[in-house]
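Novice: Residue 20 in this note's numbering sits at position 20 of the sequence shown, and the numbers go up by one each step. Where a beta carbon is used, it is the ideal one built from N, C-alpha and C, also for glycine. Please see the structure below; I have some questions.
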Amino acid sequence: MMGTTGQQLTLALSKGRIFEETLPLLQAAGITVSEDPETSRKLILGTNDPLLRVIIVRASDVPTYVQHGAADFGVAGKDVLHEHGGEGLYQPIDLNIAKCRMAVAAPAGFDYRNAVRQGARLRVATKYWQTAREHFAAKGVHVDLIKLYGSMELAPLVGLSDAIVDLVSSGSTLRANNLVEVEHIMDISSRLVINQAALKLKRERLQPIIDAFERASRPA
Ligand code: ATP
Ligand code: MG
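Following this line, the structure appears as structure tokens:
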């Protein structure tokens, strides 16, 4: 007899900080991953639970896998979720991991505030298109957005843009490139996201993991 306990679960994670910082939460739920994605080339990893597997995807692809049910649940940054829109995703908890902030940064010599005050049209390079569009629209600042896929810090240094919208944690990358944070947009952390259909159909399997993650990620 196959009960609901016999259901296969798939968790989507990205390599690097999300994987590393989710490990202790998995441990709190009694789950250990059988291989290290940094050294293994496998994209599907087993766990100590024969009915739970982990898939390794790009950070920005996690919501897509979960939305379409290719993964039942996943861990994604608020930055990524904001860009995706969150369609088809249930977001029960803030895991308080991979914390940083979304900010506007500009070259140290650029008078950003004055440019904004004078109503100048700003060229802003970013991979966070939605976030940037909403931020500047809410402030009534006219911008030409330039879509990049990484290394945004370079854009103002070579005249591609006046400013950038990017994630900042320590600020050392900005400093190393003579940029300063001129505006805070939002605080960022990673969230647990769950496929809405999976939440209904696999609730018995998912709930204990959600509960363990919730307890383990609560701020001290
Ligand atoms: P990719 O490298 O595939 O383009 P990525 O750069 O978004 O994706 P990561 O660097 O692993 O991938 O970031 C994953 C998530 O971690 C981000 O979506 C964000 O929420 C968070 N994050 C990014 N940079 C930092 C940072 N410097 N400190 C803390 N958290 C961060
Ligand atoms: Mg990165």
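#1: Assign G6 to buried or exposed, taking buried as 16 or more other Cβ atoms, counted over all protein chains shown, within 10 Å of its Cβ.
#2: When DSSP labels each residue in this structure, what does N48 get in the three-state scheme?
#3: Cα-Cα, which of Q67, I93, L13 and H142 is closest to Q118?
#4: State the start and end residues of the unbroken beta strand (DSSP E) segment that holds T126.
#5: Closer than 7 angstroms: is that where the CB of V75 sits relative to any heavy atom of the ligand ATP?
#6: Going by C-alpha to C-alpha distance, which of R17, E83 and T32 sits closest to K147?
#7: Under the DSSP definition of a beta bridge, which residues are partnered with R53?
#8: Examine the Cβ distances between the segment 161 to 178 and the segment 92 to 112 and report whether three or more of them are shorter than 8 angstroms.
#9: The ligand ATP and V80: does the residue's C-beta get closer than 7 angstroms to at least one heavy atom of that ligand?
#10: Skipping 5 residues on each side, what residues in its chain have a beta carbon closer than 6 angstroms to that of D166?
#11: Can you tell which of D144, N195 and K99 has its C-alpha closest to the C-alpha of R123?
#12: Within the continuous beta strand (DSSP E) that includes E134, where are the two ends?
#13: Apart from the five residues just before and just after R218, which ones in its own chain have a Cβ nearer than 6 angstroms to its Cβ?
#14: Mind checking which residues open and close the alpha helix (DSSP H) that includes N226?
#15: Report yes if the C-beta distance between A103 and S190 is below 8 angstroms; otherwise report no.
#16: Work out the CA separation of E204 and M1 for me, nearest whole Å.
#17: Measure the C-alpha to C-alpha separation of A28 and T22 and round it to an integer number of angstroms.
#18: Suppose the cutoff is 8 angstroms on Cβ atoms and the five residues either side in sequence are ignored; what does the same chain contact list for G69 look like?
#19: Closer than 7 angstroms to a non-hydrogen atom of the ligand ATP - does that hold for the CB of K147?
#20: Is it true that the CB of S34 sits closer than 8 angstroms to the CB of L26?
#21: Considering only residues of the same chain and omitting the five flanking positions on each side of A212, which have a CB-CB separation below 8 angstroms?
#22: Compute the beta-carbon to beta-carbon distance between T32 and T10, rounded to the nearest angstrom, for a pair I have assumed lies under 8 angstroms.
Specialist: The short version:
#1: In the sequence shown, counting from the first residue as 1, residue 6 sits at position 6. By the 10 Å Cβ count, G6 comes out exposed.
#2: Within the sequence shown, residue 48 is the residue found at index 48, counting from 1. DSSP places N48 in coil when its eight states are reduced to three.
#3: As a position in the sequence shown, residue 118 is number 118, starting the count at 1. Measuring from the Cα of Q118, the nearest candidate turns out to be H142.
#4: If you number the sequence shown from 1, residue 126 lands on position 126. Taken as a continuous stretch (DSSP letters only), the beta strand (DSSP E) holding T126 covers L122 to T126.
#5: In the sequence shown, residue 75 corresponds to position 75, counting from 1. Flag unset: Cβ of V75 not near the ligand ATP.
#6: Here residue 147 refers to the residue found at position 147 of the sequence shown. K147 has its Cα closest to that of E83, out of R17, E83 and T32.
#7: Along the sequence shown, one-based indexing puts residue 53 at 53. DSSP, once it has assigned bridges, lists T10 and G46 as partnering R53.
#8: yes
#9: Residue numbering aside, residue 80 sits at position 80 when the sequence shown is read from its first letter. At least one heavy atom of the ligand ATP is nearer than 7 angstroms to the Cβ of V80, so yes.
#10: Counting from 1 along the sequence shown, the entry for residue 166 is found at position 166. For D166, where only same-chain residues beyond five positions count, the Cβ hits under 6 angstroms are M152.
#11: Here residue 123 corresponds to residue number 123 of the sequence shown, with the count starting at 1. For the residues D144, N195 and K99, the minimum Cα distance to R123 belongs to D144.
#12: On the sequence shown, position 134 is the one that residue 134 refers to. Taken as a continuous stretch (DSSP letters only), E134 belongs to no beta strand (DSSP E), being part of the alpha helix (DSSP H) at W129 to K139.
#13: Translated into the one-based positions of the sequence shown, residue 218 becomes position 218. Hits under 6 angstroms: none found.
#14: Given that the chain is displayed from residue 1 to residue 220, the structure contains no residue 226 and the question cannot be resolved.
#15: Taking the sequence shown and counting its residues from 1, one reaches residue 103 at position 103. Taking the sequence shown and counting its residues from 1, one reaches residue 190 at position 190. Not in contact: A103 and S190 (Cβ atoms no closer than 8 angstroms).
#16: Within the sequence shown, numbered from 1, the residue matching residue 1 stands at position 1. Within the sequence shown, numbered from 1, the residue matching residue 204 stands at position 204. With a pLDDT of 46 at M1, under the threshold of 50, the modelled position of this residue cannot be trusted; read the value that follows with caution. One C-alpha to the other measures close to 16 angstroms.
#17: Taking the sequence shown and counting its residues from 1, the one referred to as residue 28 is at position 28. Taking the sequence shown and counting its residues from 1, the one referred to as residue 22 is at position 22. Answer to the nearest angstrom: the Cα atoms are 10 angstroms apart.
#18: Within the sequence shown, the letter at position 69 stands for residue 69. The answer, listed in chain order, is N195, A197 and A198.
#19: As a working mapping, residue 147 is identified with position 147 in the sequence shown. For the ligand ATP, not one heavy atom lies less than 7 angstroms from the Cβ of K147.
#20: Counting from one through the sequence shown, the residue named residue 26 turns up at place 26. Counting from one through the sequence shown, the residue named residue 34 turns up at place 34. In this structure, S34 does not lie closer than 8 angstroms to L26 by Cβ.
#21: Residue numbering aside, residue 212 sits at position 212 when the sequence shown is read from its first letter. For A212, where only same-chain residues beyond five positions count, the Cβ hits under 8 angstroms are L25, A28, A29 and G30.
#22: For the purposes of this step, residue 32 is identified with residue 32 of the sequence shown, where counting begins at 1. For the purposes of this step, residue 10 is identified with residue 10 of the sequence shown, where counting begins at 1. T32 to T10, Cβ: 17 angstroms. No contact.
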